[in-house]
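Trainee: One structure coming up, written as structure tokens, with questions to follow.
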Amino acid sequence: MPDEFFAILTFQGGYNTSIVLVGVIALGIGGGIIGVFSFLRKRALISDAISHATLPGVASAFLLGTTLGGSGQNLALLIAGAAATGALGVLCVQWIRDHTRLPEDTAIGTVLSVFFGLGIVLLSHIQTLQASGQAGLNSFLLGSTAALMAGEAQLVGGAALIAILIALLLLKEFGAVAFDEEFAATLGWPVAQLDLAMIGLLLAIVTIGLKTVGLVLIIALVIIPPVAAHFWTIKLSRLVVLAGVFGGLAGWIGGGLSALLPDMPAGAVIVLTAAAIFVFSLLFAPRRGVIAWVMRQLHLRIRAASVRGLLAMAAGYLPPDNLSYRVVRLRGYLDGDARITESGARAAGKMRRQNQLWQVYRNRHPDAALAFSPLAAKPIEDVLPPDIIAALESEIR
Amino acid sequence: MNPPRLIPFEPSQPRNDISPSPLSVRGLTVAYDDKPAVWNLDYDAPDRRLIAIIGPNGAGKSTMIKAILGLVPSLAGHVRIFGTTLRQARRRIAYIPQRTSVDWDFPASAEDVVAMGLYGKIGWFRPVRRRHRALAREHLERVGMEDFAGRQIGRLSGGQQQRVFLARALAQKADLYLMDEPFAGVDAATERAIVNVMREVRTAGSTVLCVHHDLRTVGDYFDHALVLNIRKITDGTVDEVLTGDILQRAYGGRLAETEIHAIAHTT
Numbered sequence: 001m002p003d004e005f006f007a008i009l010t011f012q013g014g015y016n017t018s019i020v021l022v023g024v025i026a027l028g029i030g031g032g033i034i035g036v037f038s039f040l041r042k043r044a045l046i047s048d049a050i051s052h053a054t055l056p057g058v059a060s061a062f063l064l065g066t067t068l069g070g071s072g073q074n075l076a077l078l079i080a081g082a083a084a085t086g087a088l089g090v091l092c093v094q095w096i097r098d099h100t101r102l103p104e105d106t107a108i109g110t111v112l113s114v115f116f117g118l119g120i121v122l123l124s125h126i127q128t129l130q131a132s133g134q135a136g137l138n139s140f141l142l143g144s145t146a147a148l149m150a151g152e153a154q155l156v157g158g159a160a161l162i163a164i165l166i167a168l169l170l171l172k173e174f175g176a177v178a179f180d181e182e183f184a185a186t187l188g189w190p191v192a193q194l195d196l197a198m199i200g201l202l203l204a205i206v207t208i209g210l211k212t213v214g215l216v217l218i219i220a221l222v223i224i225p226p227v228a229a230h231f232w233t234i235k236l237s238r239l240v241v242l243a244g245v246f247g248g249l250a251g252w253i254g255g256g257l258s259a260l261l262p263d264m265p266a267g268a269v270i271v272l273t274a275a276a277i278f279v280f281s282l283l284f285a286p287r288r289g290v291i292a293w294v295m296r297q298l299h300l301r302i303r304a305a306s307v308r309g310l311l312a313m314a315a316g317y318l319p320p321d322n323l324s325y326r327v328v329r330l331r332g333y334l335d336g337d338a339r340i341t342e343s344g345a346r347a348a349g350k351m352r353r354q355n356q357l358w359q360v361y362r363n364r365h366p367d368a369a370l371a372f373s374p375l376a377a378k379p380i381e382d383v384l385p386p387d388i389i390a391a392l393e394s395e396i397r
Numbered sequence: 398m399n400p401p402r403l404i405p406f407e408p409s410q411p412r413n414d415i416s417p418s419p420l421s422v423r424g425l426t427v428a429y430d431d432k433p434a435v436w437n438l439d440y441d442a443p444d445r446r447l448i449a450i451i452g453p454n455g456a457g458k459s460t461m462i463k464a465i466l467g468l469v470p471s472l473a474g475h476v477r478i479f480g481t482t483l484r485q486a487r488r489r490i491a492y493i494p495q496r497t498s499v500d501w502d503f504p505a506s507a508e509d510v511v512a513m514g515l516y517g518k519i520g521w522f523r524p525v526r527r528r529h530r531a532l533a534r535e536h537l538e539r540v541g542m543e544d545f546a547g548r549q550i551g552r553l554s555g556g557q558q559q560r561v562f563l564a565r566a567l568a569q570k571a572d573l574y575l576m577d578e579p580f581a582g583v584d585a586a587t588e589r590a591i592v593n594v595m596r597e598v599r600t601a602g603s604t605v606l607c608v609h610h611d612l613r614t615v616g617d618y619f620d621h622a623l624v625l626n627i628r629k630i631t632d633g634t635v636d637e638v639l640t641g642d643i644l645q646r647a648y649g650g651r652l653a654e655t656e657i658h659a660i661a662h663t664t
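Right under this line is the structure:
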């Protein structure tokens, strides 16, 4: 089983499987990159409205296909149908938002459920028809890589590549609109049209990914990678690259897993892979990850406790609380009988001098002193020039 | 007795001078629903001056600036900038918004934000290159923020953020700067930086129009003032404008008598 999985991941799992895997990777990269912009624009949920609104389109396209030529299983036709009602769903959301007093999230919830309900009704109707190929329609709900033909995977991959290219071309423009809409407008940019382009790309990714990931879960493909990437960087360009990498990784590993386990819905497997990347980022990202944050808090508390303890000792008192007592004791500044050790006396004296210098500095230059944290571990000699230190010292005496 | 003769109505025209005013407004009217925010405003900004827009809260100061920039729709009136339309003059205007209107969590450093000021010059679809970044850092230096170039924008203090936006406007190399309360809630260092920069751009030949709320500093920082309270009360040099009578008309009961005297006296 691990051998087989490795073979699939290294594109040795057969021609069809490999092509499908490449398609899913491209889809993941596209979802991640395009998701960055809807995430930054705070409109990530609109993709959920789009995906659910595609179902009546898929069902109608299937019906149209069966009446015209027998089989409704033409992916291009189904995608076209999905895009049509998906776009209609977006328009409904925007109309409700602009012409009623309802907020966008309410509009999204309404449109999403109504369109999905309509789609389910149509699907049930199709099942009564006993038309050929109708079973394949279920993969549009939860996704399937096994049902994907090589030609279809090429279509998915190619379309994803085009969407990625457009998104990268408009990186600077999308970024500026998401950051500061008014500024973009004062540059003379067509903000509404740029928003429309962004939603168009989202629509493209959602519709081409429908059959692979399924409409219920495809929102994860555009939300999870950007959010996970956001833990690692504060630069837009890196955020875009990382989101693409995470999305691609989810497509690669998730797609491989689903090829290995054809009974599992592909969408769920891919989404869970993406979720694993998210959890890893949440925990382990440097600076913004949870563990780094907890460590930093802990470090600051210990640092504050040691300052408190040493200043108290310098004034001839015991450390004022449990934590500061334990910190100075642990560092050997106090011995077991609560007597100040030699190193403790040195450290306390140093701390008192630092504290006095900072106090004088704060009194003299209150504005400039704001830039320095009293919890920074660096001694004052390292951050202020010697002439200022000398001036401060003369004032203490 | 003859009935009184009616004078034919002549719509006001934009000035047709040899050097057109940086900003010429005729009959500008903006309303939120049926409540007017700016009413029938006529104004010609003098060239190469620092101009304060003053008036009480809700006087339409910010709205006026936004309407000039086309950010809020106006009901009536027209605006000429250097004798041309807003569309044609876009590249000659820079705008510093109130601090509240941006996403502070956005993945952008101070330098990235300043580089946005160059976007008009860089053009569509083209990436920000190294020389643009160098240019952005130069502008950060002008506002004393070069040490914070790599800091994420939300992790700067309020005054530092304001200076970054000032640097972004400088990067636009505009001839007309529109600022919306840049001095609101900033520290002394930032206040000095803004004043210095305003004087710099005036020397370089630009005009600054600035919504300002602190009447005590109007006389120190600005050459001209436009006094607004929905309608234009008056405009002129700060000495002409800062009189007890005019302030009384603009602010009504909102300024205490003693305050008015103190402000009018300082000029």
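Line order of the protein sequences matches chains S and V.
Residues 1 to 397 (this note's numbering) are what the first sequence spells out, left to right.
Residues 398 to 664 (this note's numbering) are what the second sequence spells out, left to right.
We treat Cβ as the ideally placed atom computed from N, Cα and C, and that holds for glycine.
1. Counting only runs of 4+ residues fully inside the region 143-209 of chain S, write out the alpha helix (DSSP H) ranges in chain order.
2. Suppose you measure from the CA of ALA564 of chain V to the CA of ILE218 of chain S; what does that come to, to the nearest Å?
3. Looking at the structure shown, is LEU118 of chain S part of a helix, part of a strand, or coil, going by DSSP?
4. Buried or exposed, going by whether 16 or more other CB atoms sit within 10 Å of the CB of ALA338 of chain S?
5. Would you please verify whether the beta carbon of LEU403 of chain V is less than 9 Å from any beta carbon of chain S?
6. On a CA-only basis, which of V:LYS458, V:VAL605, V:PRO417, V:GLU578 is nearest HIS621 of chain V? Give me that one, please.
7. My assumption, with CB atoms under 8 Å, is that VAL156 of chain S sits in contact with THR212 of chain S. Please give the rounded CB distance.
8. Mapping the DSSP letters down to three states, classify ALA7 of chain S as helix, strand or coil.
9. Check the Cβ-Cβ distances between LEU623 of chain V and every residue of chain S, and say whether any is below 9 Å.
10. For THR634 of chain V, report the span of its beta strand (DSSP E) as first-last.
11. Does DSSP classify VAL422 of chain V as helix, strand or coil?
12. Quick check: is the beta carbon of GLY188 of chain S nearer than 9 Å to any beta carbon in chain V?
13. Would you grab the beta carbon distance between ILE33 of chain S and VAL240 of chain S for me? Rounded to a whole angstrom, and I think it's under 8 Å.
14. Provide the residue span of the alpha helix (DSSP H) that contains VAL327 of chain S, from first to last.
15. Would you decide whether GLY23 of chain S is buried or exposed? Buried here means 16 or more other CB atoms lie within 10 Å of its CB.
16. At a CB-CB cut-off below 8 Å, which residues of chain V make contact with ILE234 of chain S?
17. Quick one, which residues of the region 458-471 of chain V are near chain S if we go by CB-CB under 9 Å, in chain order?
18. Using a Cβ-Cβ distance under 9 Å, would VAL510 of chain V count as near chain S?
19. When DSSP builds the beta bridges, which residues end up paired with HIS475 of chain V?
20. Check the Cβ of GLN474 of chain V against every Cβ in chain S and list those closer than 9 Å, keeping chain order.
21. Looking at chain S, which residues of the region 514-532 of chain V have a Cβ within less than 8 Å of any of its Cβ atoms?
22. So who's on the other strand from LEU282 of chain S, going by DSSP bridges?
23. Closest Cβ-Cβ distance between ARG565 of chain V and chain S: below 9 Å?
24. Specify the secondary structure class of PRO433 of chain V as computed by DSSP and reduced to three states.
25. Please return the same chain residues whose Cβ sits closer than 7 Å to the Cβ of ASP611 of chain V, not counting the five positions on each side in sequence.
26. Pick from S:GLY28, S:GLY14, S:ILE8, S:TRP95: whose alpha carbon is nearest that of LEU249 of chain S?
27. Would you kindly check if the distance between the Cβ of ALA369 of chain S and the Cβ of ALA314 of chain S is under 9 Å?
28. Closest Cβ-Cβ distance between ASP180 of chain S and chain V: below 9 Å?
29. Less than 9 Å separating the beta-carbons of ILE53 of chain S and GLY81 of chain S?
30. What in chain V is Cβ-close to ALA176 of chain S, meaning under 8 Å?
31. In the region 580-591 of chain V, which residues sit with their C-beta less than 9 Å from some C-beta in chain S, listed in chain order?
32. In this structure, does DSSP put ASP502 of chain V in helix, strand or coil?
33. Short of 7 Å in beta carbon distance, which residues of its chain neighbour ALA197 of chain S, apart from the five on each side in sequence? Order them along the chain.
34. State the DSSP-derived secondary structure class of ILE234 of chain S, mapped to helix, strand or coil.
35. Using DSSP with H/G/I as helix, E/B as strand and the rest coil, what is ALA622 of chain V?
36. Measure the alpha-carbon distance for ARG548 of chain V versus ALA176 of chain S and round it to whole angstroms.
Mentor: On the basis of the supplied data:
1. DSSP runs (the alpha helix (DSSP H)) wholly in the region 143-209 of chain S: 150-169, 171-179, 181-186.
2. Rounded to the nearest angstrom, the two C-alpha atoms are 41 Å apart.
3. Helix at LEU118 of chain S.
4. ALA338 of chain S comes out exposed.
5. No - not a single Cβ of chain S is within 9 Å of the one on LEU403 of chain V.
6. Among V:LYS458, V:VAL605, V:PRO417, V:GLU578, the Cα nearest to that of HIS621 of chain V is on V:VAL605.
7. Yes, they are in contact, since the Cβ atoms of VAL156 of chain S and THR212 of chain S sit about 6 Å apart, within 8 Å.
8. DSSP places ALA7 of chain S within a helical segment (H, G or I) once states are collapsed to three.
9. Not closer than 9 Å to any Cβ of chain S, the Cβ of LEU623 of chain V fails to qualify, so no.
10. DSSP places THR634 of chain V in the uninterrupted beta strand (DSSP E) bounded by 628-634.
11. Secondary structure at VAL422 of chain V: strand, using DSSP grouped into helix, strand and coil.
12. The beta carbon of GLY188 of chain S sits closer than 9 Å to some beta carbon of chain V.
13. Confirmed, Cβ separation roughly 6 Å.
14. Its alpha helix (DSSP H) spans residues 322-330.
15. The residue is buried, with at least 16 neighbouring Cβ atoms inside 10 Å.
16. Those within 8 Å of ILE234 of chain S in chain V are PRO504, ALA505, SER506, GLN549.
17. Cβ contacts with chain S: LYS463, LEU466, GLY467, LEU468.
18. For VAL510 of chain V, the nearest CB of chain S lies under 9 Å from its own CB, placing it at the interface with that chain.
19. Answer is V:ARG423, bridged to HIS475 of chain V.
20. Going by the sequence as given, residue 474 of chain V is Gly instead of Gln. Think of a sphere of 9 Å around the beta carbon of GLY474 of chain V: no beta carbon from chain S falls inside it, the nearest being about 19 Å out.
21. Within the region 514-532 of chain V, the residues whose Cβ lies closer than 8 Å to some Cβ of chain S are TYR516, GLY517, ILE519, TRP521, PHE522, ARG523, PRO524, VAL525, listed in chain order.
22. For LEU282 of chain S, which the question treats as bridged, DSSP gives no partner whatsoever.
23. So, interface residue.
24. When secondary structure is reduced to three states using DSSP, PRO433 of chain V falls in the strand class.
25. Excluding positions up to five away in sequence, the list reads PHE580.
26. When each option's Cα is compared against that of LEU249 of chain S, the closest is S:GLY28.
27. The beta carbons of ALA314 of chain S and ALA369 of chain S sit no closer together than 9 Å.
28. Judged by the 9 Å Cβ criterion, ASP180 of chain S is in contact with chain V.
29. The identity of residue 53 of chain S in the sequence shown is Ala, whereas the question assumes Ile. Between ALA53 of chain S and GLY81 of chain S, the C-beta gap is not smaller than 9 Å, which leaves the two residues out of contact.
30. Here the neighbours are MET513, TYR516.
31. Under the 9 Å Cβ criterion, the region 580-591 of chain V contributes ASP584, ALA585, ALA586.
32. In the structure shown, ASP502 of chain V falls within a coil segment according to DSSP collapsed to helix, strand and coil.
33. For ALA197 of chain S, where only same-chain residues beyond five positions count, the Cβ hits under 7 Å are LEU170.
34. Of the three classes helix, strand and coil, the one that applies to ILE234 of chain S here is coil, per DSSP.
35. In the structure shown, ALA622 of chain V sits in a strand (DSSP, three-state: E or B).
36. Those two C-alpha atoms are separated by around 18 Å.
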